[in-house]
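Peer 1: Okay, handing you the structure first.
Residue numbers (the working numbering): 80 to 392.
Here it is, written out as structure tokens:
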């Protein structure tokens, strides 16, 4: 349950200068496939209403003196609402003493956590709120190798993905793959055993582009299942993301932090889980609260496809 406490509550104060917040956020953007592929917006705290064209006006041929056809574009709106993502990290006070070490540790640990959570949410099916779009329900396209026919294997699946997006009036202009998807791409060979999607093992240890469009890699894409989801692709010009103010970092030395649960055996020999509370003051520690308000929205989910490692038939 959320607790309504002011940011000016006792024991909470600003610790880090703005430049470290900017650095963390900049690296997070570099590590997030969604943030690099979709268009960024600056979003006010109350959110943003974005008009979208859902249908174009239709022109037609007419005779010299005939009445001209009237056709209007259809309009709609999308709500880009920022939702809060937060994490609390606990440190010893030696980190507070050795401030450069703290900065270095935060810059190393936080960007990946932020980027992975944002990407995994966008590429999943569970949103933090009703105005946050997710792509997990996009049309699935198999890109696993064909059992017997190389020509109908992974490459054919990639071409199918392009066609599926085009059929929804979109233009595929970017791919996002998990490390598992990268592995699948690199394993594909033609009938002579040569790499299908890279010039040679010596030239490249990755696949920088597919059908002329950029490929980005992120752990947040992968979802285990039968089959596994290993990538997404689509018309990223029709996707937007936005944040409010960037990352905010505050610290406390007096709070008692709930840090997971512990198992306790009752007098009746029953094992129950109870909150594990950590007293920062009592343990000579401090906690950093890092949070960001961020949102994601798409024009039309049918302009995206989910790529799986299912065997093509």
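Ideal Cβ positions, reconstructed from N, Cα and C, are used throughout, including at glycine.
This structure is a prediction, so every number in the text was calculated from the model and none was measured.
(1) Ordered along the chain, which non-local residues of its own chain (more than five positions away) have a Cβ less than 7 Å from that of residue 103?
(2) Where does residue 280 land, buried or exposed, given buried means 16+ other C-beta within 10 angstroms?
(3) For a minimum of 4 consecutive residues, which ranges assigned as the alpha helix (DSSP H) are wholly contained in the segment 200-258?
(4) Identify which residue in 203, 148, 271 and 236 has its Cα closest to the Cα of residue 212.
(5) For the structure I just gave you, are there three or more beta carbon pairs, one from the segment 380-391 and one from the segment 157-169, closer than 8 Å?
(6) Would the beta-carbon of residue 336 fall within 7 Å of that of residue 312?
(7) Keeping to the same chain, check which residues put their C-beta closer than 6 Å to that of residue 260; ignore five residues upstream and five downstream.
(8) Report the rounded CA-to-CA distance for residue 210 versus residue 321, giving the unit in angstroms.
(9) Would you call residue 266 buried or exposed, if buried means 16 or more other Cβ atoms sit within 10 Å of its Cβ?
(10) Just the Cα atoms here: how many angstroms apart are residue 217 and residue 376?
(11) Alpha carbon to alpha carbon, what distance is there between residue 112 and residue 237?
(12) Let me know the secondary structure DSSP gives residue 264 once reduced to three states.
(13) Between which two residues does the alpha helix (DSSP H) containing residue 116 stretch?
(14) For residue 221, count neighbouring Cβ atoms within 10 angstroms of its own Cβ and tell me buried if that reaches 16, exposed if not.
(15) Does the Cβ of residue 268 lie closer than 6 Å to at least one heavy atom of the ligand ZN?
(16) Could you say which of 149, 144 and 248 lies nearest to residue 137 if we only look at CA atoms?
(17) Comparing alpha-carbon positions, which option in 109, 330 and 251 lies nearest residue 385?
(18) Which residue's Cα is closest to the Cα of residue 101: 290, 254, 371 and 297?
(19) Quick one: using the 10 Å Cβ neighbour count with 16 as the cut-off for buried, is residue 341 buried or exposed?
(20) Along the chain, where does the beta strand (DSSP E) containing residue 320 start, and where does it finish?
(21) Pick helix, strand or coil for residue 349, following the three-state DSSP scheme.
(22) Helix, strand or coil: which one does DSSP assign to residue 163?
(23) Are residue 118 and residue 319 closer than 7 Å when you measure CB to CB?
Peer 2: Concretely, from the data shown:
(1) Your numbering for residue 103 matches position 24 in the chain shown. The beta carbon of residue 103 sits closer than 7 Å to the beta carbons of 185, 186, 189, 190 and 326 from its chain, once the five residues preceding and following it are set aside; these are given in chain order.
(2) Locating residue 280 in the chain shown gives position 201, where the first residue counts as 1. Only weak support is given to the placement of residue 280: the predicted model assigns it a pLDDT of 45, under 50, and the question is left unresolved by the model.
(3) 233-246
(4) If you number the chain shown from 1, residue 212 lands on position 133. Comparing Cα positions, the closest option is 203.
(5) With contact defined as three or more Cβ pairs closer than 8 Å, the segment 380-391 and the segment 157-169 are not in contact.
(6) Within the chain shown, numbered from 1, the residue matching residue 336 stands at position 257. Within the chain shown, numbered from 1, the residue matching residue 312 stands at position 233. No, the Cβ-Cβ distance between residue 336 and residue 312 is not below 7 Å.
(7) Within the chain shown, the letter at position 181 stands for residue 260. Here residue 260 has 309 and 310 as same chain residues with Cβ atoms under 6 Å from its own Cβ, once five neighbours each way along the sequence are excluded.
(8) Residue 210 sits at position 131 when you count from the first residue of the chain shown. Residue 321 sits at position 242 when you count from the first residue of the chain shown. Distance between residue 210 and residue 321, taken at the CA atoms: about 12 Å.
(9) Walking along the chain shown from the start, residue 266 turns up at place 187. Residue 266 is exposed by the Cβ-count criterion.
(10) Counting from 1 along the chain shown, the entry for residue 217 is found at position 138. Counting from 1 along the chain shown, the entry for residue 376 is found at position 297. Going by the C-alpha atoms only, they are around 14 Å apart.
(11) The sequence position of residue 237 within the chain shown is 158, counting from 1. The sequence position of residue 112 within the chain shown is 33, counting from 1. Cα-Cα distance, rounded: 18 Å.
(12) As a position in the chain shown, residue 264 is number 185, starting the count at 1. It is helical.
(13) The count along the chain shown starts at 1 and reaches residue 116 at position 37. Annotation: the continuous alpha helix (DSSP H) that includes residue 116 extends over 112-116.
(14) By 1-based counting over the chain shown, the position of residue 221 is 142. Flag for residue 221 reads buried.
(15) Ligands displayed in this structure: none; no statement on the ligand ZN is therefore possible.
(16) If you number the chain shown from 1, residue 137 lands on position 58. Checked all of 149, 144 and 248; the closest Cα to residue 137 is 149.
(17) The residue labelled residue 385 in the question sits at position 306 within the chain shown. Minimum Cα distance to residue 385 is reached at 251.
(18) By 1-based counting over the chain shown, the position of residue 101 is 22. Checking every option, the nearest Cα to that of residue 101 belongs to 371.
(19) Against the chain shown, residue 341 aligns to sequence position 262. Exposed.
(20) Looking up residue 320 in the chain shown gives position 241. Here the beta strand (DSSP E) through residue 320 covers 318-331.
(21) Within the chain shown, the letter at position 270 stands for residue 349. Here residue 349 sits in coil by DSSP.
(22) As a first step, residue 163 must be located in the chain shown, where it is residue number 84. In the three-state reduction of the DSSP assignment, residue 163 falls in the strand class, which pools E and B.
(23) The residue you call residue 118 lines up with position 39 of the chain shown. The residue you call residue 319 lines up with position 240 of the chain shown. Yes, Cβ-Cβ distance for residue 118 and residue 319 is below 7 Å.
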